[in-house]
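**Q**
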Ligand SMILES: CC(C)(COP(=O)(O)OP(=O)(O)OC[C@H]1O[C@@H](n2cnc3c(N)ncnc32)[C@H](O)[C@@H]1OP(=O)(O)O)[C@@H](O)C(=O)NCCC(=O)NCCS
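Numbering (my numbering), first residue to last: 15 to 301.
(1) Do residue 283 and residue 229 come within 8 Å of each other at the CB atom, strictly closer than that value?
(2) Compute the Euclidean distance between the alpha carbons of residue 184 and residue 124, then round it to the nearest angstrom.
(3) Going by Cα to Cα distance, which pick from 54, 119, 90, 161 is closest to residue 128?
(4) Does the beta-carbon of residue 253 have 16 or more other beta-carbons within 10 angstroms, so that it is buried, or is it exposed?
(5) Express the C-alpha separation of residue 147 and residue 205 in angstroms, rounding to a whole number.
(6) Do residue 226 and ligand 1 come close, with the Cβ less than 7 Å from some heavy atom?
(7) Are there three or more Cβ pairs, one per stretch, closer than 8 Å when the region 287-295 is compared with the region 111-123?
(8) Output the residue ranges of the beta strand (DSSP E) runs that lie fully inside the region 177-205 and measure 3 residues or longer, sorted by chain position.
(9) Mind listing, in chain order, the continuous beta strand (DSSP E) runs of no fewer than 3 residues lying wholly within the region 246-301?
(10) Could you pull out every unbroken beta strand (DSSP E) segment of at least 3 residues lying fully inside the region 44-120, listed in chain order?
(11) Look at the alpha carbon of residue 65 and the alpha carbon of residue 81, and state the distance between them as a whole number of angstroms.
(12) Could you check the C-alpha separation between residue 22 and residue 106 for me, to the nearest Å?
(13) At a cut-off of 7 Å, would you count residue 208 as near ligand 1, judging by its Cβ distance to the nearest heavy atom?
(14) Are the region 163-172 and the region 91-102 touching by the rule of at least three beta carbon pairs closer than 8 Å?
(15) The alpha helix (DSSP H) that contains residue 126, what's its start and end?
(16) Kindly examine ligand 2 and report whether one of its heavy atoms sits closer than 7 Å to the Cβ of residue 136.
(17) Would residue 39 pass as a contact of residue 94 if the rule is Cβ separation under 8 Å?
(18) Return the CA-CA distance between residue 54 and residue 91, expressed in angstroms with no decimal places.
(19) Relative to ligand 1, is the shortest distance from any of its heavy atoms to the C-beta of residue 243 smaller than 7 Å?
(20) Would residue 203 be called buried (16 or more neighbouring beta carbons within 10 Å of its own) or exposed?
(21) Just the C-alpha distance for residue 295 and residue 239, rounded to the nearest angstrom, thanks.
(22) Counting C-beta neighbours from all protein chains within 10 Å, is the total for residue 130 16 or more, i.e. buried, or is it exposed?
(23) Out of 216, 68, 267, state which residue places its alpha-carbon closest to the alpha-carbon of residue 251.
(24) Based on the DSSP secondary-structure assignment, which residues constitute the bridge partners of residue 135?
(25) So the beta strand (DSSP E) residue 240 belongs to, where does it begin and stop?
(26) I'd like to confirm the pairing. Which residues does DSSP put opposite residue 225 in its beta bridges?
(27) Using a Cβ-based criterion (distance less than 7 Å to any ligand heavy atom), does residue 269 qualify as near ligand 1?
(28) Starting from residue 215 and walking both ways along the alpha helix (DSSP H), at which residues does that stretch end?
(29) Label residue 307 either buried or exposed according to how many other C-beta atoms from any shown protein chain fall within 10 Å of its C-beta, with 16 as the threshold for buried.
(30) If residue 167 and residue 189 are in contact, beta carbons under 8 Å, what's the gap, nearest whole angstrom?
If you want it as structure tokens, here you go:
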């Protein structure tokens with residue numbers, strides 16, 4: 015008798031690779047032009063607290079809307095605290111010089127991806143495969159698999175990458191056909207990942223800000239994002255980008271020793287009941 019074929023073994027908590035503890039020294043610019051220095055172990059959350067006034071510093075509450083002006087990843091909490099103290103001691107001119115240099119180096123630009131971006135895209139995505147439940151994938155794709163996946167996405171819609179002044183990949187966004195049957199041809203499933211060091215800094219909004227109008231222009235009528243729950247950052251992000259939660263598949267994925275729900279976040283690209291024109295598909299992907 016032949017033994018039954020088995021599917022993947024469930025991924026245990028121990029399979030999750032430990033992420034190095036984050037520690038940042040940073041400056042934010044307030045609406046009145048002043049610079050506030052601080053430290054944090056969660057830059058995205060801290061920035062959001064400064065922006066919303068919920069849990070941010072007293073100083074930034076009193077000085078209007080804030081924008082990240084400088085960020086430096088430190089080895090650990092005590093290094094970040096020391097760096098914060100040093101930043102606070104700098105005079106205005108020295109702070110402005112640091113902020114200007116940081117702004118120049120971290121200016122994020124978008125461009126269409128080429129298949130030669132596959133190694134960088136795979137390294138970024140692979141981080142989430144091994145550290146996070148944001149993706150239900152257990153194993154980092156091979157380069158060939160990543161190239162094939164990118165080519166499939168590029169055949170459906172623009173595949174956009176965000177990079178900084180040094181060319182480092184800060185994030186990417188793309189779209190795949192939601193289902194293969196013909197009647198689904200106007201529905202695009204979106205994918206977006208930002209480098210863990212770049213989250214909460216406007217990269218995602220920039221990527222969706224370009225991808226969504228492009229999908230609309232191509233003739234897609236609906237965009238859907240599949241968000242593993244819990245992922246409060248992605249939920250808040252999709253809500254802020256105009257998506258609404260339309261459903262949840264309960265307990266549908268198992269990763270790192272936990273059952274996870276899957277939420278469907280929906281954006282009507284072309285509301286109305288008129289018959290749609292065929293979607294215009296891009297040409298062959300660039301090498
Ligand atoms: C989800 C993700 C793509 C969002 O991109 P991002 O660059 O971090 O988001 P942005 O800085 O552009 O935020 C845009 C808006 O989303 C909301 N938002 C983003 N992160 C948030 C957070 N941590 N808390 C609350 N609101 C948040 C805010 O309204 C924000 O606008 P504001 O900065 O003016 O307040 C990014 O965080 C990411 O890559 N996360 C890990 C991978 C992942 O979960 N991908 C999605 C899989 S479905």
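We put the CB at the ideal spot given by N, CA and C, even for glycine.
**A** The short version:
(1) Residue 229 sits at position 215 when you count from the first residue of the chain shown. Residue 283 sits at position 269 when you count from the first residue of the chain shown. Result yes, Cβ atoms of residue 229 and residue 283 sit closer than 8 Å.
(2) Mapped onto the chain shown, residue 184 falls at position 170. Mapped onto the chain shown, residue 124 falls at position 110. If you take the alpha carbons of residue 184 and residue 124, they lie about 10 Å apart.
(3) If you number the chain shown from 1, residue 128 lands on position 114. Taking only the C-alpha atoms, the option nearest residue 128 is 161.
(4) Here residue 253 refers to the residue found at position 239 of the chain shown. By the neighbour-count rule (16 or more Cβ atoms within 10 Å), residue 253 is not buried but exposed.
(5) Position 191 of the chain shown, counted from the start, is the residue given in the question as residue 205. Position 133 of the chain shown, counted from the start, is the residue given in the question as residue 147. When rounded, the distance between both Cα atoms is 14 Å.
(6) Residue 226 sits at position 212 when you count from the first residue of the chain shown. Residue 226: no, Cβ never under 7 Å from ligand 1.
(7) no
(8) 183-191
(9) 258-269, 272-282
(10) 49-54, 80-87
(11) Counting from 1 along the chain shown, the entry for residue 65 is found at position 51. Counting from 1 along the chain shown, the entry for residue 81 is found at position 67. In a straight line, the C-alpha of residue 65 is about 8 Å away from that of residue 81.
(12) What you label residue 22 is simply residue 8 of the chain shown in a count that begins at 1. What you label residue 106 is simply residue 92 of the chain shown in a count that begins at 1. Straight-line Cα distance between these residues: approximately 57 Å.
(13) By one-based count along the chain shown, residue 208 stands at place 194. Residue 208: yes, Cβ under 7 Å from ligand 1.
(14) no
(15) If you number the chain shown from 1, residue 126 lands on position 112. Per DSSP, residue 126 belongs to no alpha helix (DSSP H); it is in the beta strand (DSSP E), 123-126.
(16) This structure simply doesn't include ligand 2; it includes ligand 1 instead.
(17) Counting from 1 along the chain shown, the entry for residue 39 is found at position 25. Counting from 1 along the chain shown, the entry for residue 94 is found at position 80. Against a cut-off of 8 Å, the Cβ pair of residue 94 and residue 39 comes out as a contact.
(18) As a first step, residue 54 is located in the chain shown; it is residue number 40 there, counting from the start. As a first step, residue 91 is located in the chain shown; it is residue number 77 there, counting from the start. Roughly 8 Å between the two C-alpha positions.
(19) For the purposes of this step, residue 243 is taken as the residue at position 229 of the chain shown. Residue 243: no, Cβ never under 7 Å from ligand 1.
(20) Counting from 1 along the chain shown, the entry for residue 203 is found at position 189. That one is buried.
(21) The residue labelled residue 295 in the question sits at position 281 within the chain shown. The residue labelled residue 239 in the question sits at position 225 within the chain shown. Rounded to whole angstroms, residue 295 to residue 239 spans 20 Å at the Cα level.
(22) If you number the chain shown from 1, residue 130 lands on position 116. Exposed, by the Cβ-count rule.
(23) Counted from its first residue, the chain shown places residue 251 at position 237. With distances taken between Cα atoms, residue 251 lies closest to 216.
(24) Counting from one through the chain shown, the residue named residue 135 turns up at place 121. The partner list for residue 135 (beta bridge, DSSP) is empty, contrary to what the question assumes.
(25) The residue given as residue 240 occupies position 226 in the chain shown. Residues 236-243.
(26) Reading the chain shown from its first residue, position 211 is the one you call residue 225. In DSSP, residue 225 forms no bridge with anything.
(27) The count along the chain shown starts at 1 and reaches residue 269 at position 255. No, ligand 1 has no heavy atom inside 7 Å of this Cβ.
(28) In the chain shown, the residue the question calls residue 215 occupies position 201. Segment: none, residue 215 is in no alpha helix (DSSP H) and carries neither H nor E.
(29) Examination of residue 307 is not possible in this model, given that the chain is present from 15 through 301 alone.
(30) Along the chain shown, read from residue 1 onward, the residue named residue 167 stands at position 153. Along the chain shown, read from residue 1 onward, the residue named residue 189 stands at position 175. Between residue 189 and residue 167 the Cβ distance is about 7 Å, and since that is below 8 Å, they are a contact.
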